[in-house]
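Start counting the sequence shown at 1; every next residue gets the next number (the UniProt record's numbering). For each residue, glycine too, the CB sits at the ideal point set by N, CA and C. Bear in mind that the values here come from a model prediction, so they are computed numbers and not experimental data. This report refers to the structure that appears directly beneath it.
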Amino acid sequence: MAGSTLEIKDLHVEIEGQEILKGVNLTIKGGEFHAIMGPNGTGKSTLASAIMGHPKYEVTSGSILLDGEDVLEMEVDERAKAGLFLAMQYPSEITGVTTSDFLRSSINAHREKGDEIPLMKFIKEMDSAMDYLEIDKNMAQRYLNAGFSGGEKKRNEILQLMMLKPEIGILDEIDSGLDIDALKVVAKGINKLRNENFGCLIITHYQRLLDYITPDFVHVMMQGRVVKSGGAELVERLEAEGYDWIKQELGIEEETVGNNA
Ligand SMILES: Nc1ncnc2c1ncn2[C@@H]1O[C@H](COP(=O)(O)OP(=O)(O)OP(=O)(O)O)[C@@H](O)[C@H]1O
Ligand SMILES: [Mg+2]
């Protein structure tokens, strides 16, 4: 079988003693594009952070496996090296490190010592990805995300994605704050990666991104769980009708994580 498989089973996660994820089940295989939708505060970003190993998020039970390997046993850098990539909802600014240096060291961190990417090859690849994403070349020499506009930060996340070529990409609201042209460019970048060796989890609130990137599976998160899954047709229904029908169907009164059981 081509590509990697990320398997999340009955995942429970706490933040500062409060349970946020209450049994998430989700499997993403190479070549599959999954979308997660859901109202605010239902645990979507928490899931992304827990997969990547953010120290604030404590996994209390359940498992995350990448090709059968226990991701929860891995340090954050090991998770990246194993092929997981997260584009964050709010990318951090890193002053003192240029975008170009950051990209090059990230790529080299995935390679063995002595097998670093040759500088000229790196520059060529970066230039071509920047062209593809219509990113101003000056960006390469600016500190990572420092003073970048909202849209520039998001494009930069896709630049990293295109250059690092992870096995599994998790994109948390990659479309937020993008104007319509930037949205198309970002979608174009993600679609370019579509192949049997790349699985993707796209967290979004809006149909408009999914008009450009057709998901194979769509999941709805409420109360810290995936409560409904379907195909691309689910997106249209959510856009037209909102979430109330799912809440009614499942007898959910309060969809956020809150203190519900
Ligand atoms: N670091 C944190 N400290 C305290 N509470 C947190 C933290 N991260 C998340 N939470 C809480 O967990 C709940 C779920 O948050 P999360 O960010 O996962 O929601 P979300 O589904 O991504 O929402 P949105 O659609 O608004 O991005 C919220 O009530 C949030 O306040
Ligand atoms: Mg979020």
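- In the DSSP assignment, Gly41 falls outside any alpha helix (DSSP H) and carries neither an H nor an E.
- Ile123 carries a helical assignment under DSSP once its states are collapsed to helix, strand and coil.
- In the structure shown, Gln223 adopts coil according to DSSP, grouped into three states.
- Taking a C-beta distance under 8 Å as the contact criterion, Leu133 and Ile158 qualify as a contact pair.
- In this structure, Thr98 lies near Arg142, with their beta-carbon atoms less than 8 Å apart.
- Non-local beta-carbon contacts of Ile94 in its own chain, meaning distances under 8 Å to residues more than five positions away in sequence, involve Phe102, Tyr143, Leu144, Asn145 and Ala146 in chain order.
- DSSP places Leu144 within a strand segment (E or B) once states are collapsed to three.
- In the DSSP annotation of this structure, Asn138 is not part of any beta strand (DSSP E), being labelled neither H nor E.
- Taking the Cα of Leu234 as reference, the smallest distance to any Cα among Val220, Arg225 and Leu164 is reached at Val220.
- Only exposed fits Glu236, as fewer than 16 other CB atoms lie within 10 angstroms of its CB.
- The beta carbon of Glu167 sits closer than 6 Å to the beta carbons of Ser4 and Gly83 from its chain, once the five residues preceding and following it are set aside; these are given in chain order.
- With a contact defined as Cβ atoms closer than 8 Å, Ala2 and Asn197 qualify at about 6 Å.
- Bounds of the beta strand (DSSP E) holding Gly23 are Gln18 to Lys29.
- In this structure, Ser92 has its beta carbon at no less than 7 Å from each heavy atom of ligand 1.
- Glu253 and Ser61 have their alpha carbons spaced roughly 26 Å apart.
- Of the other Cβ atoms in all chains shown, 16 or more fall within 10 Å of the Cβ of Ala187; this residue is therefore buried.
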